[in-house]
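Chemist: Residue numbers (the working numbering): 3 to 631. All C-beta atoms, glycine included, are put in the ideal place defined by N, C-alpha and C.
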Ligand SMILES: Cc1cc2nc3c(=O)[nH]c(=O)nc-3n(C[C@H](O)[C@H](O)[C@H](O)COP(=O)(O)OP(=O)(O)OC[C@H]3O[C@@H](n4cnc5c(N)ncnc54)[C@H](O)[C@@H]3O)c2cc1C
């Protein structure tokens, strides 16, 4: 086999949301990187919803940004609508969601990739891995040409044995209009990787001019939105509305009567679909009594007529799709520009990965994105930056980069994947994060930017700003906690105007700030700080004081969690020799190979009794080791 002249530090296969972040992170850490994709015109494509963020996904995007990734910046450059979700609830569940111009998103990300020093982009179909002595050494494309590398990241999305379905018509494709990858999954299977099959789907795209929008409820973008990225100073794109409508019993009947003709209910699809992202057929079957389901018409961009019909995903034959869509009020004349379809694809069971996303089977091979059984642009991008960082750390012989469940949503997701695995497309939720009060969108920079700086992904000035901001936050909290407010007339007038109790005696300012009727503005009125307090500092001060009790409790839980995480399990530990463990658990532990007692405690089937047996086993092994040395 002939090889390309350049030997790369890192080769990334796949230029989707995962691959782009992986390649940029490794290149920005000083590696020579090659990014490969089947079609460069589909780099960072959004094959489904034209949106970034949402519940828990917004937290992931902020964390990627705080680590020096690209998704949030490109989202701001191309956002045509902003919404902050759950503003009536606590800050732990506030989440940003943008709608984006898909074409501009692709072009903006491609421009960043093309301008990145040390990063090359090539169009090719990778067919095989090159392995030497159990270690990765490169990749081979479908022309038999090779590219050498010290580390490889596979981020191949929905392309592995991709098969799309419209009714009983099935077409081999990674997405509509794109080749699928069939050689690589066969090769991975031959190498002994355990693969599974999953399914996802997308709704039809409708022609804007064929829709009667007067039948829908307009939903405008937020007036003064907060940018997604901590680095965005200005929102540049014109903002467009979405439109909300509903299906009706007649639409449901059309689908019900033709369920057997859909790929999903006609028995064609074998892949496991996501419970939380049901196709329309699923909705009909699961909620038969529901008379209507919400749909949202979302613009796909500024310069296109295409409208994304969220909520109408299906795998029905075209004839039925047309009848179904036109049965909805306002869509009686709707033109389907792109049909809805379902897609099945192979994924690799993530229990075969280390917490760095490196495979246990082949050293130097990392997996990121949908290939690991997740679904969603944000989940993919978060795994991408993680795998890119760890591939670079491997090549540069630096310590691995791991965040635990108390530090980041990314840490929660990856720990879930490599410790529990997944049988259906994994999507991040706030409910998955037990320490979510600490893992908010608003403090992602304070949690992660200094780590990004140590990795070389965040510049000195930004890191200095973060340190300075932390100091300001602590100082202002101490000032507020030590400031006594006396029951003066103008103060009590202010408090009564705010609808809260006037003072009868002096109290500390933080006790006032804890009241639900007031926010940091009260501090500015009652006892202005001698220092300049920015909006971002004020926000942190407000949250830290208002949620002080909950935060203290959560910090206590995190301490217990960290104690378990600190109880490391030696890499070569022999789980089969632990007394008191069932054979099933011995097998499971030996294949997952948890790196700490904490990780072991999260493996399905581990009981408190098994955990104590394991703890004793680790201690005995430790003592034996020290007595032999
Ligand atoms: C039809 C459809 C509907 C979806 N619906 C949803 C949804 O409802 N909700 C949701 O959260 N997510 C949905 N998704 C998933 C979402 O698109 C993905 O989660 C996300 O794009 C995954 O990103 P990724 O980087 O892992 O892979 P992708 O974005 O899929 O990118 C994969 C990349 O790998 C390249 N590639 C693949 N094989 C090879 C090879 N052998 N050689 C070279 N390059 C290769 C491709 O060219 C591409 O660049 C849907 C996806 C599709 C296709």
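Cβ of residue 379 versus every heavy atom of ligand 1: is any distance shorter than 7 Å?
Modeler: Taking the first residue of the chain shown as 1, we reach residue 379 at position 377. Yes; taking the cut-off as 7 Å, the Cβ of residue 379 has a heavy atom of ligand 1 nearer than that.
Chemist: Identify every residue that forms a DSSP beta bridge with residue 89.
Modeler: Position 87 of the chain shown, counted from the first residue, corresponds to residue 89. Beta-bridge pairing links residue 89 to no other residue.
Chemist: Once DSSP output is grouped into helix, strand and coil, what is the label at residue 109?
Modeler: Reading the chain shown from its first residue, position 107 is the one you call residue 109. If DSSP states are grouped into helix, strand and coil, residue 109 belongs with the helices.
Chemist: State yes or no: is the C-beta of residue 38 nearer than 7 Å to some heavy atom of ligand 2?
Modeler: In the structure shown, ligand 2 is absent; the only ligands present are ligand 1.
Chemist: Closer than 8 Å by C-beta to residue 349: which residues in its own chain qualify, once you throw out the five before and the five after it? Chain order, please.
Modeler: Numbered from 1 along the chain shown, position 347 holds the residue referred to as residue 349. These residues qualify, in order along the chain: 162, 197, 198, 199, 200, 372, 373, 374, 375.
Chemist: Using 8 Å for Cβ pairs, my map puts residue 525 next to residue 511. What's the rounded Cβ distance?
Modeler: The residue given as residue 525 occupies position 523 in the chain shown. The residue given as residue 511 occupies position 509 in the chain shown. Right, their Cβ atoms sit about 6 Å apart.
Chemist: Using the rule of at least 16 other Cβ atoms within 10 Å of the residue's Cβ for burial, across every protein chain shown, is residue 119 buried or exposed?
Modeler: In the chain shown, the residue the question calls residue 119 occupies position 117. Residue 119 comes out exposed.
Chemist: Under 8 Å, with one C-beta from each stretch per pair, do the region 401-415 and the region 437-455 reach the 3-pair mark?
Modeler: These segments touch.
Chemist: Alpha carbon to alpha carbon, how far is residue 70 from residue 27? Give it in angstroms, no decimals.
Modeler: Within the chain shown, the letter at position 25 stands for residue 27. Within the chain shown, the letter at position 68 stands for residue 70. Each residue's alpha carbon lies about 8 Å from the other.
Chemist: Quick one: residues in its chain with C-beta nearer than 7 Å to the C-beta of residue 478, no 5 flanking neighbours on either side, listed in chain order?
Modeler: The residue labelled residue 478 in the question sits at position 476 within the chain shown. The residues are 531, 535, 539, 543.
Chemist: Taking DSSP as the reference, what is the three-state secondary structure of residue 282?
Modeler: The residue you call residue 282 lines up with position 280 of the chain shown. Correct three-state label for residue 282: helix.
Chemist: By how many angstroms is the C-alpha of residue 262 removed from the C-alpha of residue 45?
Modeler: The residue you call residue 45 lines up with position 43 of the chain shown. The residue you call residue 262 lines up with position 260 of the chain shown. Going by the C-alpha atoms only, they are around 36 Å apart.
Chemist: Note down, in chain order, each residue of its chain lying with its Cβ closer than 8 Å to the Cβ of residue 240, except the 5 sequence neighbours on either side.
Modeler: Position 238 of the chain shown, counted from the first residue, corresponds to residue 240. Counting only Cβ-Cβ distances below 8 Å, and skipping sequence neighbours, we find 82, 304.
Chemist: Tell me the residue span of the beta strand (DSSP E) that contains residue 54.
Modeler: Numbered from 1 along the chain shown, position 52 holds the residue referred to as residue 54. Run containing residue 54: 53-55, per the beta strand (DSSP E) assignment.
Chemist: Just checking residue 183 against ligand 1 - is the residue's beta carbon closer than 7 Å to any of the ligand's heavy atoms?
Modeler: One-based indexing of the chain shown puts residue 183 at position 181. It does: the Cβ of residue 183 is within 7 Å (strictly closer) of some heavy atom of ligand 1.
Chemist: Could you say if the region 180-190 and the region 385-397 meet the contact criterion of at least three C-beta pairs nearer than 8 Å?
Modeler: Segments in contact, no.
Chemist: Taking residue 76 as part of the alpha helix (DSSP H), name the residues at either end of that continuous run.
Modeler: Residue 76 sits at position 74 when you count from the first residue of the chain shown. Its alpha helix (DSSP H) spans residues 73-80.
Chemist: Looking only at C-alpha atoms, which of 207, 202, 159 sits nearest to residue 184?
Modeler: In the chain shown, counting from the first residue as 1, residue 184 sits at position 182. Of 207, 202, 159, the residue nearest in Cα terms is 159.
Chemist: Ligand 1 heavy atoms versus the CB of residue 161: any closer than 7 Å?
Modeler: Walking along the chain shown from the start, residue 161 turns up at place 159. Yes, the beta carbon of residue 161 sits closer than 7 Å to at least one heavy atom of ligand 1.
Chemist: How many Å lie between residue 207 and residue 296 at the Cα?
Modeler: The sequence position of residue 207 within the chain shown is 205, counting from 1. The sequence position of residue 296 within the chain shown is 294, counting from 1. Rounded to the nearest angstrom, the two C-alpha atoms are 16 Å apart.
Chemist: Report all residues from its chain with a CB closer than 7 Å to the CB of residue 481; omit the five preceding and five following residues, and keep chain order.
Modeler: One-based indexing of the chain shown puts residue 481 at position 479. Excluding residues within five positions, the ones whose Cβ falls inside 7 Å are 531.
Chemist: Under 8 Å between C-beta atoms, does residue 580 make it to chain C?
Modeler: Within the model displayed, chain C is absent; a lone protein chain is all it includes.
Chemist: From what residue to what residue does the alpha helix (DSSP H) around residue 325 run?
Modeler: Along the chain shown, read from residue 1 onward, the residue named residue 325 stands at position 323. Note, residue 325: alpha helix (DSSP H), 320-328.
Chemist: Could you tell me whether the region 335-344 touches the region 362-370, where touching means 3 or more Cβ pairs closer than 8 Å?
Modeler: The answer is no - the region 362-370 does not touch the region 335-344, with fewer than three Cβ pairs under 8 Å.
Chemist: To the nearest angstrom, how far is it from the Cα of residue 492 to the Cα of residue 533?
Modeler: Mapped onto the chain shown, residue 492 falls at position 490. Mapped onto the chain shown, residue 533 falls at position 531. When rounded, the distance between both Cα atoms is 23 Å.
Chemist: From residue 229 to residue 577, what distance separates their C-alpha atoms?
Modeler: Numbered from its first residue, the chain shown carries residue 229 at position 227. Numbered from its first residue, the chain shown carries residue 577 at position 575. Near 49 Å, if we compare the C-alpha coordinates of residue 577 and residue 229.
Chemist: What's the call for residue 238, buried or exposed, on a 16-neighbour Cβ count within 10 Å?
Modeler: Stepping through the chain shown from its first residue, residue 238 is reached at position 236. By the 10 Å Cβ count, residue 238 comes out exposed.
Chemist: Please state the DSSP three-state secondary structure of residue 336.
Modeler: Here the question's residue 336 lines up with position 334 in the chain shown. Residue state, collapsed to three classes: coil.
Chemist: Compute the minimum distance between the beta carbon of residue 349 and the heavy atoms of ligand 1, and state whether it is under 7 Å.
Modeler: As a position in the chain shown, residue 349 is number 347, starting the count at 1. Checking every heavy atom of ligand 1 against the Cβ of residue 349, none is found closer than 7 Å.
Chemist: Quick check: what's the CA-CA separation for residue 23 versus residue 383?
Modeler: Locating residue 23 in the chain shown gives position 21, counting from the first residue. Locating residue 383 in the chain shown gives position 381, counting from the first residue. Going by the C-alpha atoms only, they are around 6 Å apart.
Chemist: If we ignore side chains and look at the alpha-carbon of each, how far apart do residue 415 and residue 357 end up?
Modeler: On the chain shown, position 413 is the one that residue 415 refers to. On the chain shown, position 355 is the one that residue 357 refers to. About 10 Å.
Chemist: Near residue 617, what residues of its chain come up, given a Cβ to Cβ distance below 8 Å and the 5 sequence neighbours on each side ignored?
Modeler: Residue numbering aside, residue 617 sits at position 615 when the chain shown is read from its first letter. Once the five neighbours on either side are set aside, the close Cβ partners of residue 617 are 569, 599.
Chemist: CA-CA distance, residue 59 and residue 453?
Modeler: If you number the chain shown from 1, residue 59 lands on position 57. If you number the chain shown from 1, residue 453 lands on position 451. Taking the straight line joining both Cα atoms gives about 21 Å.
Chemist: Using the Cα positions of residue 111 and residue 332, report the straight-line distance between them to the nearest angstrom.
Modeler: For the purposes of this step, residue 111 is taken as residue 109 along the chain shown, with counting starting at 1. For the purposes of this step, residue 332 is taken as residue 330 along the chain shown, with counting starting at 1. Taking the straight line from one Cα to the other gives about 35 Å.
Chemist: Check each candidate in 96, 101, 379, 19 and name the one with the smallest Cα separation from residue 445.
Modeler: Taking the chain shown and counting its residues from 1, the one referred to as residue 445 is at position 443. The shortest C-alpha separation from residue 445 is found at 96.
Chemist: Could you say which of 103, 597, 549, 77 lies nearest to residue 306 if we only look at CA atoms?
Modeler: Residue 306 sits at position 304 when you count from the first residue of the chain shown. When each option's Cα is compared against that of residue 306, the closest is 103.
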